[in-house]
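A short worksheet on the structure shown next.
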Amino acid sequence: MSDGSVLDHHSPYETPLHRDESAIAGMWLFLASEALLFGGLFLVCLVYSQTRAGGWAEGVRHTNLTIGAVNTLILITSSAVYTLAVEAGRRGDNRGVVRAGLGAAGLGLAFLVLKGVEWGQEFSENLFPGPHFALHGPASGAAALFYSFYFLATFLHGMHMVVGIGLILWICRKARQGAFSPAWSTPVDVVGLYWSFVDLIWMLLFPLLYLIGRA
Amino acid sequence: MSESYLWQDGTLRSWLLTRDHKRIALLYLGSITAFFALGGVGAALIRLQLLEPTGTILSDATYNRMFTMHGVVMVWLFLVPSIPVTLGNFLVPLMLGARDLAFPRLNLLSWYLFVASGLLVLYGLFRGGLETGWTFYTPLSSDYSEGRVLPVVLGIFLNGFSSIATGVNFIVSIHQLRAPGMTWYRLPLMLWALYATSVIFVLATPVLGITLLLLAFERLFRVGVFDPTLGGDPLLFQQMFWFYSHPAVYIMILPGMGVVSEIVSTFCRKPVFGYRFVAWSSVSIAAIGFIVWGHHMFVAGESLYSAIVFSMFSFFVSVPSAIKVFNWLGTMHGGSIRLDAPMLYAMGFIGLFTVGGLTGLFLASLAADVHLTQTYFVVAHFHYIMVGGMVSAYFGGLHYWWPKITGRMYPEIWGRLAAALIFFGFNLTFFPQFILGFEGMPRRYATYPAQFQILNVLSSAGAGILAVAYVMPLVYFGWSLFRGARAPDNPWGATGLEWRTASPPPTENFAETPVVTTDAYDYGDLDARAGRADAGGPHHV
Numbered sequence: 009m010s011d012g013s014v015l016d017h018h019s020p021y022e023t024p025l026h027r028d029e030s031a032i033a034g035m036w037l038f039l040a041s042e043a044l045l046f047g048g049l050f051l052v053c054l055v056y057s058q059t060r061a062g063g064w065a066e067g068v069r070h071t072n073l074t075i076g077a078v079n080t081l082i083l084i085t086s087s088a089v090y091t092l093a094v095e096a097g098r099r100g101d102n103r104g105v106v107r108a109g110l111g112a113a114g115l116g117l118a119f120l121v122l123k124g125v126e127w128g129q130e131f132s133e134n135l136f137p138g139p140h141f142a143l144h145g146p147a148s149g150a151a152a153l154f155y156s157f158y159f160l161a162t163f164l165h166g167m168h169m170v171v172g173i174g175l176i177l178w179i180c181r182k183a184r185q186g187a188f189s190p191a192w193s194t195p196v197d198v199v200g201l202y203w204s205f206v207d208l209i210w211m212l213l214f215p216l217l218y219l220i221g222r223a
Numbered sequence: 005m006s007e008s009y010l011w012q013d014g015t016l017r018s019w020l021l022t023r024d025h026k027r028i029a030l031l032y033l034g035s036i037t038a039f040f041a042l043g044g045v046g047a048a049l050i051r052l053q054l055l056e057p058t059g060t061i062l063s064d065a066t067y068n069r070m071f072t073m074h075g076v077v078m079v080w081l082f083l084v085p086s087i088p089v090t091l092g093n094f095l096v097p098l099m100l101g102a103r104d105l106a107f108p109r110l111n112l113l114s115w116y117l118f119v120a121s122g123l124l125v126l127y128g129l130f131r132g133g134l135e136t137g138w139t140f141y142t143p144l145s146s147d148y149s150e151g152r153v154l155p156v157v158l159g160i161f162l163n164g165f166s167s168i169a170t171g172v173n174f175i176v177s178i179h180q181l182r183a184p185g186m187t188w189y190r191l192p193l194m195l196w197a198l199y200a201t202s203v204i205f206v207l208a209t210p211v212l213g214i215t216l217l218l219l220a221f222e223r224l225f226r227v228g229v230f231d232p233t234l235g236g237d238p239l240l241f242q243q244m245f246w247f248y249s250h251p252a253v254y255i256m257i258l259p260g261m262g263v264v265s266e267i268v269s270t271f272c273r274k275p276v277f278g279y280r281f282v283a284w285s286s287v288s289i290a291a292i293g294f295i296v297w298g299h300h301m302f303v304a305g306e307s308l309y310s311a312i313v314f315s316m317f318s319f320f321v322s323v324p325s326a327i328k329v330f331n332w333l334g335t336m337h338g339g340s341i342r343l344d345a346p347m348l349y350a351m352g353f354i355g356l357f358t359v360g361g362l363t364g365l366f367l368a369s370l371a372a373d374v375h376l377t378q379t380y381f382v383v384a385h386f387h388y389i390m391v392g393g394m395v396s397a398y399f400g401g402l403h404y405w406w407p408k409i410t411g412r413m414y415p416e417i418w419g420r421l422a423a424a425l426i427f428f429g430f431n432l433t434f435f436p437q438f439i440l441g442f443e444g445m446p447r448r449y450a451t452y453p454a455q456f457q458i459l460n461v462l463s464s465a466g467a468g469i470l471a472v473a474y475v476m477p478l479v480y481f482g483w484s485l486f487r488g489a490r491a492p493d494n495p496w497g498a499t500g501l502e503w504r505t506a507s508p509p510p511t512e513n514f515a516e517t518p519v520v521t522t523d524a525y526d527y528g529d530l531d532a533r534a535g536r537a538d539a540g541g542p543h544h545v
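Line order of the protein sequences matches chains A and B.
Here our numbering is used: the first sequence runs in plain steps of one and ends on residue 223.
Here our numbering is used: the second sequence runs in plain steps of one and ends on residue 545.
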């Protein structure tokens, strides 16, 4: 078990603080990159929601607002719970990190389970675009387009959730081994940045896929 | 001083698990050289086919797959990574006075991602290839193509993460790991160029990622995304593709500009003229490069008003490029110029890049573009930038830093000969294509009207010379590894921290962290200390 409060032999850094600042900066840059990955997706969604407004709105109306809203609450709560892990890490309270981390990961898992239920319903209602697509009429093409984006966007977000939950469990394992101390808890912070980002993406996906055009 | 990074631990395992930026640079060098050769084979077959108006060796369908292979391999598996991942990986920490990049393990991961992406692309290419061109335009790529679109597109998607990892690593390193006294305005211009490149890596690559993911999703599940018969908008694909791929053009030239700044200064024994202008022109090329993508779509149904704006921005981006060219010339003016091989490549770069840049203005002009777009004029234009410019700079940089990387001198005579041959072969290959395009020969066709044959034969002859010229460095670099003269620490008498350590450097780069007390390219000071009254330039060993 390496102790992060000292530098290992080959480190390019002068001090642990120097290294930790760089780790935070690296994660922010990665998130900037991620923002543009999802940004491209949001852009296409926005364009189609305007140019193909009728059918797009038809698709939005068929999403499950209840599950979407509950999931939104779950994910915000999960992010909030994770901030407790960050605080515990800074105090060097490894048990606190494990408790809050497991809470946040559990809520993340609940989100994925609900999302899976929602997907299951949608597949059984033939809302996945294809020859048997459920919505008919003149707007059916654009509604199918909406569901292409719905499934891809939620899949992509779901993959980020899976990665995030994995990272949080890794943090919990490190904490159980007593890795964090007031001098060093940077990984808890770095994973926190990522987890908040995954949350933030959902905050944009939720209105885009469930709300805009519903009324 | 401890042992060199090359021999400290010679096991294969120590290479494959290395975190040393210098070794990772060499792993990358091996990989991209292989891909350069593969892309070159594609180019050779294309030029063979076009010797005769009706084609010689390839069927029409195979021809389409061949130019696609050439484009995909050369753009993503050679040009985009080229200078950043080899020379950049090797030099960024050395130029900063650091022990390594900010994230050594991420650096190794980026190489593995690159290899995985390369294998995926190769799988697609060898299981039949694809005929979409390197641009993957929909609906051809999503709906009609009978080729292996999926593995290639997913390979390029993966490739993007390798680029992003390198970009993040360089940006954080340049912010965090500068040696004491190394202020931003003392950075070598290579680092300003790589910094600007990294910003594009981080901010443009993910947009290509999502675009290709959407394309793969559409093709895999036959659902509507861009396909007009399924309600999609195929032009949206072009918008998103070029939002990445135009900035990517600057990924494929900015690092070369960085290399040329280093070489010109060293071989004229003068500071780069207008240092701050050259530095900020890299940043402004990267910034303006993000808002010119629409000039690829002038005839694709873009509104006239958008087209006018994109045309205007395209003219703007030529300003910082021209600043660089004038400042390199200003650096050479009154310098004591030595025409060693790296300088020959750098001068080749300046001339060929200028031709490529000026012909770009023709294409940025709306009315002229209607005539020239989709012709060989475009092919010639971007090869002048990417091959005449970037590949020349890459070879120039390899020669310049070869003594540092390997500890051996390459044979200078052969180096100069190869540089001259590349310049000659390149012009013979691509200058006729300007004329062909202007006279109306379209690109991407396996056959052409008989009146174009003479120029096509000239072009193919040039490609033959170019092929020989590109093999030459491979041979004499290989030779120099075993028989080349031992390189001194600073064979060119250059400034820059990388020359203040051993050739090849020890694993930890510097025996102790260097302290920087002067601006970059302070040749007056260096020559005075070396007691050279005549500023006599590098000594050969």
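All C-beta atoms in this analysis are idealised placements derived from N, C-alpha and C, irrespective of residue type, glycine included.
For L25(A), the closest C-alpha among the options H18(A), M35(A) and V14(A) is that of V14(A).
Excluding the 5 residues flanking it on each side, Y189(B) has same chain C-beta neighbours closer than 8 Å at Y279, R280, A283 and D523, in chain order. Cβ contact annotation for V296(B) (same chain, cutoff 7 Å, sequence separation greater than five): H250, F314, F317, S318 and V321, in chain order.
Counting along the chain, the unbroken alpha helix (DSSP H) around A183(A) starts and ends at S148 to R184. Inter-segment contact for the stretch 68-78 of chain B and the stretch 37-48 of chain B is present: three or more beta-carbon pairs are separated by less than 8 Å. Interface with chain B (7 Å Cβ-Cβ cutoff): G221(A) is excluded.
Per DSSP, the unbroken alpha helix (DSSP H) holding Q242(B) starts and ends at P238 to I255.
Straight through space, the alpha carbons of A88(A) and T270(B) are spaced by roughly 56 Å.
Scanning chain A for C-beta atoms nearer than 8 Å to the C-beta of Q378(B) yields nothing, as the closest lies near 26 Å away. Secondary structure at P510(B): strand, using DSSP grouped into helix, strand and coil. For S8(B), the pairing in a beta bridge is given by DSSP as P510(B). Its chain contains I82, T85, S86 and V89 as the residues whose beta carbon lies nearer than 7 Å to that of L115(A), once the 5 sequence neighbours on both sides are disregarded; these appear in chain order. In the same chain as F50(A), and ignoring 5 residues on each side of it, the C-beta atoms closer than 7 Å to its own belong to L212 and L216, in chain order. Within the stretch 100-119 of chain B, the residues whose Cβ lies closer than 9 Å to some Cβ of chain A are A102, R103, D104, L105, A106, F107, P108 and L110, listed in chain order. At a Cβ-Cβ threshold of 7 Å, M347(B) and G260(B) do not count as neighbours. When S167(B), T201(B) and L158(B) are compared, the shortest CA-CA separation from I178(B) is found for T201(B). At a cut-off of 7 Å between beta carbons, I295(B) makes no contact with chain A.
Within the model, the alpha-carbon separation for S8(B) versus S507(B) is close to 8 Å.
Under the Cβ criterion of 7 Å, G228(B) is counted among the residues facing chain A. In terms of Cβ geometry, S369(B) and P324(B) do not form a close pair [threshold 7 Å].
For the options G419(B), T511(B), I289(B) and F430(B), the alpha carbon positioned closest to that of M476(B) is the one of G419(B).
For W284(B), the enclosing alpha helix (DSSP H) has its first and last residue at Y279 to I292. Annotated as distal: C272(B) and I327(B), with beta-carbon spacing of 7 Å or more. Only residues of its own chain outside the window of five on either side were considered, and among them E126 have a CB closer than 6 Å to the CB of N72(A), listed in chain order. In this structure D231(B) is buried. Its beta-carbon is surrounded by 16 or more other beta-carbon atoms within 10 angstroms. Of all residues in the stretch 142-173 of chain B, those with a C-beta nearer than 7 Å to a C-beta of chain A are I168 and V172, reading in chain order. Looking at the DSSP output, R412(B) sits in a beta bridge with R490(B). 7 Å or more divides the Cβ of A102(B) from the Cβ of V176(B). In the three-state scheme derived from DSSP, where H, G and I count as helix and E and B as strand, W418(B) is classed as helix. Per DSSP, reduced to three states, the secondary structure at S149(B) is coil, with no helix or strand assignment. In this structure, the straight-line span from the alpha carbon of A33(A) to that of N173(B) is close to 10 Å. Under a 10 Å Cβ-count criterion, L343(B) is classified as exposed, with fewer than 16 other Cβ atoms of the shown protein chains found around its own Cβ. Annotated three-state conformation of W297(B) is helix, per DSSP. Annotation: V520(B) is outside any alpha helix (DSSP H) and is labelled neither H nor E by DSSP.
Residue pairing of P446(B) in beta bridges, as defined by DSSP: T379(B).
One finds nothing in chain B with a Cβ atom closer than 8 Å to the Cβ of A142(A); even the nearest lies about 14 Å away.
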